[in-house]
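Here is the structure we will look at.
Numbering (the working numbering), first residue to last: 23 to 604.
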């Protein structure tokens, strides 16, 4: 049977297979709608959609085929488009067809009691639009009836930017070629960020097509792309299946990690959170294979060498090709293992090493090695790679984020970020402890020694808490400065009593340095109280009120703060440094 005969048989017997791929919110893993995709009969010449529609175009039967696809999609999806959207592919040339404009789609909607507002005409960019003026006039007619417009395959060619500018679509679907390996390509990331900014200014929503890996998904979420679809999320299916619980958890964790980055500083952010999970090869790999690898992965400037899951070396592209370019380089190295040329002592860091420490180590390397990749391990096994550029970009971003809402004295996150952090930890519903720090008798000290010395004490306290959080290894911890002599820390796991005891020990040992020899000897100061009478005050002490969700859950920041206030009053009954855990 010829392709034309097969197509005519499909049209006559309505022999299409309609499958649906979900479009997923990347912020909460909810399915917002489905794209309807058409396939020819299994095993036939026109099973693949590209062959099906190419044959229809060749024999001028696109209208008939698209109408059949549209009718089949609406019939199968009639129950789900009550509260979800249905994306229907439409060729731009069909938009101009008088038969398309006669209201056939509206008749189908009325037949299935469907709402036009939940139907999205997905205009593919794979076909050039010749007359934008009439094309946009027709689109305006449909949007006025409640339909929405999506531009498909944005970035795939033709006059993509002009299409966006002329049509002002409700949705912009990014071509999968821009999404492929976006986690490893900074140029693609920059393009997506520009498109995201464009979508914000034009009130459009971006959908990333063709997501195939967790790395791509993670990068898209961190850029801010709101919606996505692809095989990693779910393959096209004949029914409307829910997402797997594992995928929902993955999306949730990436979003939680993104939220935590708001509060990170270069000294608290684990370097593994920005590592790329690049392909690695064993040390026995021959030189010609390494050449093929670099030719196939033009965006990679380095090749991690890993044996039995452990990194043993690094082959930088520039150095490798420089050796090949020597007089006998090709002859000597092409058929020898790359172990003969690799760097046997690259910079290797653990996943949890703070960004700032890795930056210092990277920049202290020899000049010839300063831009070499950094290898990242997790549990002693190879995890991924970093570049100096990635380190500098993330450090700059974190510093800018911190500067926006930081306390001007200590540089710690201020009240806006503190409230965000508390809301997030309450929402996560995982074990946590919130530590409220208060300096006892700080006002009399400040009045006696002056603001300058008072500021020094506050900076000392901030640095002390930060140092202990890092030294005692509290991953994902948060430290903020509420104001004055009040600080707050949030930790998700770790030994809270040990932390409190160590902080009090260090504080009590070092705080006498901020007093005169006379006051140190006396064990306190004489200062006026709030009623104007002189009173004796002991040396500054540290009160720590600890609120956890071990025994009860808090639904709001306000409820948690009220409990903390009661606990702080209890702590202050003791004039010495102490801690109370609720």
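Beta carbons are placed, not taken as given, at the ideal position from N, Cα and C, and that holds for glycine.
Buried or exposed (CB count within 10 angstroms, at least 16 for buried), residue i
i           : result
residue 449 : exposed
residue 485 : exposed
residue 108 : buried
residue 271 : exposed
residue 350 : exposed
residue 551 : exposed
residue 385 : exposed
residue 298 : buried
residue 392 : exposed
residue 169 : buried
residue 467 : buried
residue 132 : exposed
residue 181 : Any answer about residue 181 is weak, because its pLDDT of 47 lies below 50 and its placement is not dependable; what the coordinates show is given next. By the 10 Å Cβ count, residue 181 comes out exposed.
residue 476 : buried
residue 490 : buried
residue 215 : exposed
residue 42  : buried
residue 509 : buried
residue 462 : buried
residue 209 : exposed
residue 144 : buried
residue 77  : buried
residue 104 : exposed
residue 101 : exposed
residue 44  : buried
residue 223 : exposed
residue 574 : exposed
residue 598 : exposed
Residues that residue i bridges to, as DSSP identifies them
i           : result
residue 322 : Looking at the DSSP assignment, residue 322 forms no beta bridge with any residue, so it has no partner.
residue 372 : 399
residue 428 : 435
residue 549 : 557
residue 460 : 508 and 565
residue 44  : 56
residue 144 : 111 and 172
residue 279 : Its beta-bridge partners do not exist; DSSP assigns none.
residue 338 : 324
residue 61  : 39
residue 308 : 359
residue 576 : Residue 576 pairs with nothing; no bridge assigned.
residue 570 : 455
residue 407 : 298 and 397
9 Å Cβ cutoff met for residue i and residue j
i           : j           : result
residue 500 : residue 430 : no
residue 256 : residue 269 : yes
residue 291 : residue 281 : no
residue 408 : residue 293 : yes
residue 511 : residue 459 : yes
residue 564 : residue 529 : yes
residue 158 : residue 129 : no
residue 394 : residue 365 : yes
residue 230 : residue 247 : yes
residue 40  : residue 58  : yes
residue 417 : residue 378 : yes
residue 54  : residue 106 : yes
residue 502 : residue 423 : no
residue 203 : residue 321 : yes
residue 300 : residue 241 : no
residue 88  : residue 116 : yes
residue 201 : residue 232 : yes
residue 413 : residue 396 : yes
residue 228 : residue 273 : no
residue 518 : residue 420 : no
residue 496 : residue 525 : no
Anticipated Cβ contact below 8 Å, residue i with residue j, distance rounded
i           : j           : result
residue 445 : residue 579 : 6 Å
residue 173 : residue 194 : 6 Å
residue 99  : residue 164 : Not really, about 18 Å apart at Cβ, beyond 8 Å.
residue 234 : residue 250 : Not quite, the Cβ-Cβ distance comes to about 11 Å (not below 8 Å), so this is no contact.
residue 66  : residue 28  : 5 Å
residue 68  : residue 25  : 6 Å
residue 371 : residue 410 : 13 Å between Cβ atoms; not a contact.
residue 336 : residue 312 : Not a contact, Cβ separation roughly 12 Å.
residue 192 : residue 166 : At roughly 13 Å, the Cβ-Cβ gap does not stay under 8 Å, so residue 192 and residue 166 are not in contact.
residue 562 : residue 603 : About 22 Å separates the two Cβ atoms, so there is no contact after all.
residue 453 : residue 514 : 7 Å
Does the segment 307–316 come within contact of the segment 348–366, defined as at least 3 CB pairs closer than 8 Å? yes
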